[in-house]
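Per my numbering, the sequence shown runs over residues 1 to 492.
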Amino acid sequence: MATATSIATLANVLKEELSFVRAESEPEVDGIFSKFENSSAGVERGVGRTWQVLHTFSTGLAGGFKNVLASGPSTADTTATGQSLAWGSSPRTFPALTEVTAPNYFQRTLTLVQGMGNLALPFQYSQADRLDASIMSAVSLIMKGTGKKVTQSDAIMLYQNDRGGAGTIADRAIIALVTAGDGAGNTDVVDGPQTGVSLTITFDGTNVLGRVGRLMPGMLVDLYTDADVKQNSAAGSLGAAVDLIVQSVDYVSKSFVLATVDASTGLAPADVDANDYIVLKDSVGVGPSGFEDWMVNSGTAFGVALASQPQLKSLIAAVGGVLDETTKNKFVGGFFDAYGSMYSVDTMITTTGVLNAHLESLDGLGRYDRQNQAMKPREGWVSIDYTWGGRGMQILLSRYMKSGQALFMKSLDGNLKRYIPPPVKSTRKGVPDFPQDIQFIAPWLGSSSIFMPATSSDGVTEFAQAPFTYFREFAPVQMPGIKLTGLTELNP
Numbered sequence: 001m002a003t004a005t006s007i008a009t010l011a012n013v014l015k016e017e018l019s020f021v022r023a024e025s026e027p028e029v030d031g032i033f034s035k036f037e038n039s040s041a042g043v044e045r046g047v048g049r050t051w052q053v054l055h056t057f058s059t060g061l062a063g064g065f066k067n068v069l070a071s072g073p074s075t076a077d078t079t080a081t082g083q084s085l086a087w088g089s090s091p092r093t094f095p096a097l098t099e100v101t102a103p104n105y106f107q108r109t110l111t112l113v114q115g116m117g118n119l120a121l122p123f124q125y126s127q128a129d130r131l132d133a134s135i136m137s138a139v140s141l142i143m144k145g146t147g148k149k150v151t152q153s154d155a156i157m158l159y160q161n162d163r164g165g166a167g168t169i170a171d172r173a174i175i176a177l178v179t180a181g182d183g184a185g186n187t188d189v190v191d192g193p194q195t196g197v198s199l200t201i202t203f204d205g206t207n208v209l210g211r212v213g214r215l216m217p218g219m220l221v222d223l224y225t226d227a228d229v230k231q232n233s234a235a236g237s238l239g240a241a242v243d244l245i246v247q248s249v250d251y252v253s254k255s256f257v258l259a260t261v262d263a264s265t266g267l268a269p270a271d272v273d274a275n276d277y278i279v280l281k282d283s284v285g286v287g288p289s290g291f292e293d294w295m296v297n298s299g300t301a302f303g304v305a306l307a308s309q310p311q312l313k314s315l316i317a318a319v320g321g322v323l324d325e326t327t328k329n330k331f332v333g334g335f336f337d338a339y340g341s342m343y344s345v346d347t348m349i350t351t352t353g354v355l356n357a358h359l360e361s362l363d364g365l366g367r368y369d370r371q372n373q374a375m376k377p378r379e380g381w382v383s384i385d386y387t388w389g390g391r392g393m394q395i396l397l398s399r400y401m402k403s404g405q406a407l408f409m410k411s412l413d414g415n416l417k418r419y420i421p422p423p424v425k426s427t428r429k430g431v432p433d434f435p436q437d438i439q440f441i442a443p444w445l446g447s448s449s450i451f452m453p454a455t456s457s458d459g460v461t462e463f464a465q466a467p468f469t470y471f472r473e474f475a476p477v478q479m480p481g482i483k484l485t486g487l488t489e490l491n492p
C-alpha cells in the first residue's frame with residue numbers, strides 16, 4: 001500500500017497561510033535615473049502642435065572697451081613760450097558705435113517623445129487574488145513588470161548606440177549587434193537552434209554595442225539588418241510578421257535565448273545574419289534622447305549646429321588602454337583648461353570591467369595601512385574617490401553602458417532633466433512601481449480606476465486593460481562633458 005506523511009494527507013484541507021517573501025529574479029534597472037529631475041517648466045505646445053521646450057541662450061560679449069594712457073589727451077604749446085595751450089588735433093574718443101558689439105542669441109529645441117503602453121488582466125487573475133489562500137498578488141506582479149518594462153526601455157534609450165557605418169538603420173534603441181558564426185574571434189556566437197523555435201546568442205567581452213545587462217525576459221524585440229530590413233517581417237529572413245521575445249537571459253554566461261511568440265514559426269541561425277541589430281520593438285527612429293545625442297563634438301545637438309556654437313562641444317577621444325589615473329587627469333584637466341568654471345563635471349559613468357582594470361592599475365602601496373603596525377592588505381574595492389583640483393567626483397557603474405567607455409558629466413545640482421508636459425486631470429494615479437509621470441487613459445474616459453474593458457471584433461472580452469501614455473524627453477542643462485572610448489576592460 002502507498003504511504004505518505006501525515007502533513008501530506010492534510011494538504012487538501014490546509015490553507016496556504018505561511019508567510020510569503022517575494023523576491024525579484026531579474027536585476028534592477030539602471031540607477032542613473034535617480035539623478036533625473038522631472039520638470040514641466042517651459043513645456044508648451046509648439047509649432048506643428050507638438051510638445052516642445054525652447055531654451056534661449058545668449059552668446060558673445062557686448063559693448064566696446066579700450067585702454068588709453070591715464071595722462072590725458074595730447075596738447076600743443078601754441079606760442080612756444082608755455083603761455084598758451086591748444087588741444088591736440090586728434091582728440092581721443094570713446095569706442096565708436098562701429099566698435100561696439102551686442103550678444104547674439106540661439107535656441108535649443110527639445111521635442112517631447114510619446115510612449116504608449118498597456119497592461120492586460122484576465123478576469124481569473126483578479127478572482128484568484130481574492131482567495132484567502134493566495135500567497136501573492138498576480139495583479140501587482142503584472143503591474144510591477146509593466147512599470148519595469150517602461151523604465152528599462154528608457155534606460156536602453158539613454159545608453160543608445162551611435163552605430164555609424166554605411167547602413168541606414170536609425171541609431172535608436174539598439175540592444176545588441178549580432179554576428180552569426182562559430183565563435184572563432186566573432187563578436188557574437190549563434191548556438192542552436194534549440195527545440196526548433198529559439199536560438200541562443202552569446203556575447204564575448206569585445207562586443208561594444210551588445211550588453212547582456214540590457215536584456216530581460218519578456219522583452220519584445222525586432223531584428224533589423226544593417227540595410228534597414230526588418231528580419232521578422234514578410235520582407236525579412238523569417239518571411240512573416242512575427243513578434244520576437246527574449247525567452248530567457250543567462251547573465252553569468254552572457255547569453256540569451258531569442259524566440260518567436262508564435263511557436264509555429266521557428267528561429268534558426270540562418271535567420272540571423274552578420275551585422276543584424278536587435279532593437280526594442282517598434283522603436284526604430286523614435287525615442288527620447290540619450291548620452292550620444294548631447295555628448296557630441298560635431299553635427300547638431302537638439303537642433304543647435306555645433307559648427308556655429310562650438311562652446312557646446314564635448315571632449316571626445318579614443319583612448320585605448322587602461323583608464324589609469326594619468327589618463328583621467330589628462331582629460332579632466334583638459335576639459336577644465338577648455339571651459340574653466342563655465343562648465344564642470346562631477347560624475348563618471350562606466351562599466352565594472354573598465355573600473356576593474358582601473359583598480360588594477362593603481363599603485364599597490366596605496367592599499368595598505370601603515371600606522372606603526374604590521375602591514376594590512378586591503379583587497380577588493382573598499383572605496384575609491386577621484387578628485388581633481390579639489391573637486392570630488394562620484395563614480396557610477398552601469399550594466400547598460402557600452403563596453404570600453406567612460407563618460408564624465410555633470411549630474412548633480414539638477415543638471416539632468418526629464419521634461420514632461422502638465423498632466424491631464426486625474427490621469428496620474430500614482431500606481432506603485434510605475435513612473436509617476438505616466439498618464440492612464442481610463443480615468444480620462446470616466447473610469448474610477450486605471451482599468452477599462454478590453455474589446456475585440458467579437459465584442460467585450462474577459463480582459464481588463466489599462467492603456468497609458470508617456471510624454472518625455474531627456475536633456476541636461478549643461479551638455480558638454482567627456483567621452484572616452486576604447487578602454488581596456490577586466491572581465492571574467
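Just so you know, even glycine gets a beta-carbon here, dropped at the ideal spot from N, CA and C.
How big is the Cα-Cα spacing for Y277 and S253? If you take the alpha carbons of Y277 and S253, they lie about 20 Å apart.
List the whole-angstrom C-beta distance separating I438 from F468, where the pair is believed to meet the contact cut-off of C-beta under 8 Å. Correct: roughly 5 Å between the Cβ atoms.
From P492 to S403, what distance separates their C-alpha atoms? Cα to Cα, P492 sits roughly 14 Å from S403.
Three or more beta-carbon pairs under 8 Å between the region 339–350 and the region 398–415, yes or no? As far as the Cβ criterion goes, the region 339–350 touches the region 398–415, which means the pair count is three or higher.
If we call anything under 8 Å between Cβ atoms a contact, is L407 one with F336? Cβ distance not < 8 Å, so L407 and F336 don't count as in contact.
Of the listed residues K313, K148, F331, nearest to V319 (C-alpha basis): Checked all of K313, K148, F331; the closest Cα to V319 is F331.
Length of the line joining the Cα atoms of K410 and T488: For the pair K410 and T488, the Cα-to-Cα distance works out to about 24 Å.
Give the secondary structure of M348 by DSSP, where H, G and I count as helix, E and B as strand, and everything else as coil. Of the three classes helix, strand and coil, the one that applies to M348 here is strand, per DSSP.
Bridge-paired residues (DSSP) for W294: The beta-bridge partner set that DSSP reports for W294 is empty.
I need the straight-line Cα distance from T111 to D271, nearest angstrom please. Take the alpha-carbon of T111 and the one of D271: they are about 37 Å apart.
Which residues bound the beta strand (DSSP E) around E462? Element bounds for E462: 459–465.
What ranges does the beta strand (DSSP E) occupy inside the region 212–294, keeping only unbroken runs of at least 3 residues that lie completely in it? Qualifying beta strand (DSSP E) stretches, in chain order: 220–224, 244–250, 255–260, 276–280.
So, at 8 Å on beta carbons, what are the nonlocal neighbours of T327 in its own chain, with the 5 sequence-adjacent residues on each side left out? Closer than 8 Å at the Cβ level, and outside the excluded window around T327, lie V319, G321, L484.
How is the alpha helix (DSSP H) around V332 delimited, first residue to last? Judged by DSSP secondary structure, V332 falls within the alpha helix (DSSP H) whose first and last residues are 325–339.
Is K35 buried or exposed, if buried means 16 or more other CB atoms sit within 10 Å of its CB? Sixteen is the threshold: when 16 or more other Cβ atoms of the shown chains lie within 10 Å of the Cβ of K35, as they do, the residue is buried.
Work out the CA separation of A268 and L223 for me, nearest whole Å. If you take the alpha carbons of L223 and A268, they lie about 13 Å apart.
To the nearest angstrom, how far is the alpha carbon of E24 from that of G459? Caution applies to E24, whose pLDDT of 44 falls short of 50 and renders its modelled position unreliable; the model cannot decide the point.
Are Y105 and F33 close, meaning C-beta to C-beta below 8 Å? For the 8 Å CB-CB criterion, Y105 and F33 do not form a contact.
Per-residue DSSP class, three states only, for V354: Note: V354 maps to helix in three-state DSSP.
Just verifying my parser: in three-state terms, what is the DSSP assignment at M479? Correct three-state label for M479: coil.
Would you call the CB atoms of A338 and L315 closer than 8 Å? Yes, the pair counts as a contact, with Cβ atoms nearer than the cut-off.
From D293 to Q160, what does the alpha carbon distance come to, in whole angstroms? Roughly 9 Å between the two C-alpha positions.
Quick check on Q52: does DSSP put it in helix, strand or coil? For Q52, the secondary structure class from DSSP, reduced to helix, strand or coil, is strand.
Looking only at its own chain, which residues have a Cβ that is under 8 Å from the Cβ of D262, when we skip the five neighbours before and after it? Closer than 8 Å at Cβ, skipping near neighbours: V242, D243.
Note down, in chain order, each residue of its chain lying with its Cβ closer than 7 Å to the Cβ of A234, except the 5 sequence neighbours on either side. Closer than 7 Å at the Cβ level, and outside the excluded window around A234, lie A240, A241.
What does a CB cutoff of less than 7 Å around P423 pick up in its chain, not counting 5 residues either side in sequence? Excluding sequence neighbours, P423 sits near Q439.
Let me make sure I understand the geometry here. Which of G115, M479, W444 has the alpha-carbon closest to that of V304? Selection G115, M479, W444 evaluated against V304 yields M479 as nearest (Cα-Cα).
Using CA atoms only, rank isn't needed, just tell me which of S248, E462, K417 is closest to F123. Of the listed residues, the one whose Cα sits closest to F123 is E462.
8 Å contact criterion, which T75 and L85 should meet: CB distance rounded: Separation of the CB atoms of T75 and L85 is rounded to 5 Å, and the pair is thereby assigned contact status at 8 Å.
Spatial neighbours of S248 in its chain, beta-carbon cut-off 6 Å, leaving aside the 5 residues before and after: Leaving aside the five residues that flank S248 on each side, the residues in its chain whose CB is nearer than 6 Å to its CB run, in chain order, P217, V257.
Return the CA-CA distance between D273 and V279, expressed in angstroms with no decimal places. A straight-line Cα-Cα distance of about 15 Å links D273 and V279.
Are there 16 or more other CB atoms within 10 angstroms of the CB of M295, so buried, or fewer, so exposed? In the assembly as shown, M295 is a buried residue. Its beta-carbon has 16 or more other beta-carbons within 10 Å.
Please report how far the alpha carbon of H55 lies from the alpha carbon of P476, in whole angstroms. Cα to Cα, H55 sits roughly 11 Å from P476.
Check whether the Cβ atoms of A442 and L119 sit closer than 8 Å, and answer yes or no. No Cβ-Cβ contact shorter than 8 Å links A442 with L119.
Could you check where the beta strand (DSSP E) with A120 kicks off and where it finishes? First-last of the beta strand (DSSP E) with A120: 120–122.
So G63 packs on T101, CB below 8 Å; how close in whole Å? Correct: roughly 7 Å between the Cβ atoms.
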